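K.L.:
If you're matching positions, the sequence shown starts at 1 in our numbering and goes up one per residue. Think of the CB as a built atom: it goes at the ideal place given N, C-alpha and C, for glycine as much as any other residue. Owing to the predicted nature of the structure, the values given are computational and were not obtained by experimental measurement.
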Amino acid sequence: MNKVKEITDSTSNTNLIIKDIVLSPISYTKTSKLLTALYIVTDIIDINEPIRQKLRILGANIVSDIYSKFSTQMSHLKELTSKINEVLSFLEIAENLKLVSGMNSGILKKEFLELRRSIEVLNPSMEMADLFTVEEEYVHENRGRIYKGQHNIGRDNNARIGVQKGSTFMKALSDKISSLPPNVLNKKTSNNFDVLKGQRREEILKVIKINPSGYSNGLTITDIKNTVKDFGAQLDIKALPSCGEKTLQRELFSMVKDNILNKTGAKRWSRYLVKV
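Have a look at this one:
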């Protein structure tokens, strides 16, 4: 059943009313909008800047994990939390390097912290050590105040949102998204995931074909992850480093199903080879 959830920015009295199918304590609709916000804010970063792509890939992986096969298992929740912490860290770096404004960075970090708290609700036994950071580190001191000289975000005039006040950012974003025809929004979201999925597949094939570690009879998931860790820079691997084990496992299964890879063995002993 569709429920109407009232989502309020804690720094403002502005209410965002959105319809959301509530399947878990995590709002899929709000998470999707958060990813859209991340893409818009990072759009001003130079396209060749690694942090830009890193943030976008991490954000897309977070949404992909939540949508594809959400699980309350400890390992899955830790994986999601780890990715959110990476986003928080890279946003902090981007802000320190003046790649994004402190205001936009602060608002995004606040929203990602709320997402992380939703995960904590699913797993109240998760220890603080697993969370790595505390909220105070990421709340911008000027949150909600007028930020003079704030640039418009987004290079495309049709996609710009002028942000002068932190508390209006999520409403401005919501209004911008709501003004887009559903088919346009769905197409953009679909294209982003298609690009990420295609990049992951290309990199998986590259790792298995080149096999710099010299594994015989194909590679296991662990072999692939170790190869990415040891030879990622050398092989120009960009999408797989932030890809969790569950996501990698799903992608490999999908590639076997699509007759791109062959699989031998079962479960943790499964090995993958490029289909001839």
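Assign T247 to one of two classes, buried (16 or more other C-beta atoms within 10 Å of its C-beta) or exposed (fewer than that).
P.N.:
T247 should be labelled buried.
K.L.:
Hey, E92 and S105: beta-carbon distance below 9 Å or not?
P.N.:
For E92 and S105, yes; Cβs fall inside 9 Å.
K.L.:
By DSSP, does V256 sit in helix, in strand, or in coil?
P.N.:
V256: helix per DSSP, three-state reduction.
K.L.:
Looking at the structure shown, is E135 part of a helix, part of a strand, or coil, going by DSSP?
P.N.:
A caution first: E135 carries a pLDDT of 38, below 50, which makes its placement in the model unreliable, though a value can still be read off. Three-state DSSP puts E135 in a helix.
K.L.:
With three or more beta-carbon pairs closer than 8 Å as the criterion, would you say the region 30-37 touches the region 84-98?
P.N.:
Taking 8 Å as the limit for Cβ pairs, the verdict is that the region 84-98 does not touch the region 30-37.
K.L.:
Rounding to the nearest angstrom, what Cα-Cα distance links T264 and N217 in this structure?
P.N.:
Using only the alpha carbons, I get a separation of about 9 Å.
K.L.:
Per DSSP, N262 forms a beta bridge with which residues?
P.N.:
Answer is L273.
K.L.:
Using a Cβ distance threshold of 8 Å, determine whether the region 223-231 contacts the region 201-215, with at least three qualifying pairs required.
P.N.:
Touching, yes.
K.L.:
Have a look at the DSSP bridge pairing and note the partners of L219.
P.N.:
DSSP lists Y272 as partners of L219.
K.L.:
How would you label K83, buried or exposed, when you count the other beta carbons within 10 angstroms and need 16 or more for buried?
P.N.:
Buried is the call here.
K.L.:
May I ask you to report which of helix, strand or coil DSSP gives E111?
P.N.:
Reduced to three states, the DSSP call for E111 is helix.
K.L.:
Report buried or exposed for S213, applying the criterion of at least 16 other Cβ atoms within 10 angstroms of its Cβ.
P.N.:
Exposed, because fewer than 16 other Cβ atoms sit within 10 Å of the Cβ of S213.
K.L.:
Quick one: what's got a C-beta closer than 7 Å to Q249's C-beta in the same chain, skipping five residues either side?
P.N.:
Within the same chain, Q249 has close Cβ partners I221.
K.L.:
Using CA atoms only, rank isn't needed, just tell me which of A37, P50, D46 is closest to K238.
P.N.:
If we check each option's Cα against that of K238, P50 comes out closest.
K.L.:
Of all the alpha helix (DSSP H) runs that stay within the bounds of the region 199-246, which reach a length of 4 or more residues?
P.N.:
If we require 4 residues or more, the alpha helix (DSSP H) runs fully inside the region 199-246 come out as 221-231.
K.L.:
I think L240 touches V256, with their Cβ atoms under 8 Å apart; what is that distance to the nearest whole Å?
P.N.:
About 17 Å separates the two Cβ atoms, so there is no contact after all.
K.L.:
Report the residue from L252, L273, R117 whose alpha carbon sits nearest the alpha carbon of G198.
P.N.:
Nearest option by C-alpha distance: L252.
K.L.:
Here's a check: name, in chain order, each residue in its chain whose Cβ is nearer than 8 Å to the Cβ of D65, leaving out the five neighbours to either side.
P.N.:
Only H76, E79, L80, K83, G244, K246, T247 meet the Cβ criterion.
K.L.:
What did DSSP end up calling S105 once you bin it into helix, strand or coil?
P.N.:
Three-state result, S105: helix.
K.L.:
State buried or exposed for K54, treating a residue as buried only when at least 16 other CB atoms are found within 10 Å of its CB.
P.N.:
Buried: at least 16 other Cβ atoms inside 10 Å.
K.L.:
Count the other C-beta atoms from every protein chain shown that fall within 10 angstroms of the C-beta of A266, then say buried if there are 16 or more, exposed otherwise.
P.N.:
Exposed, since its Cβ has fewer than 16 Cβ neighbours within 10 Å.
K.L.:
With H, G and I counted as helix, E and B as strand and the rest as coil, what does DSSP make of E251?
P.N.:
Residue state, collapsed to three classes: helix.
K.L.:
Going straight from the alpha carbon of L38 to that of L273, what length do you get?
P.N.:
If you take the alpha carbons of L38 and L273, they lie about 36 Å apart.
K.L.:
Taking only beta-carbon positions, decide if A233 is within less than 9 Å of chain D.
P.N.:
As a matter of chain content, chain D is missing from the structure shown, which is built from one protein chain.
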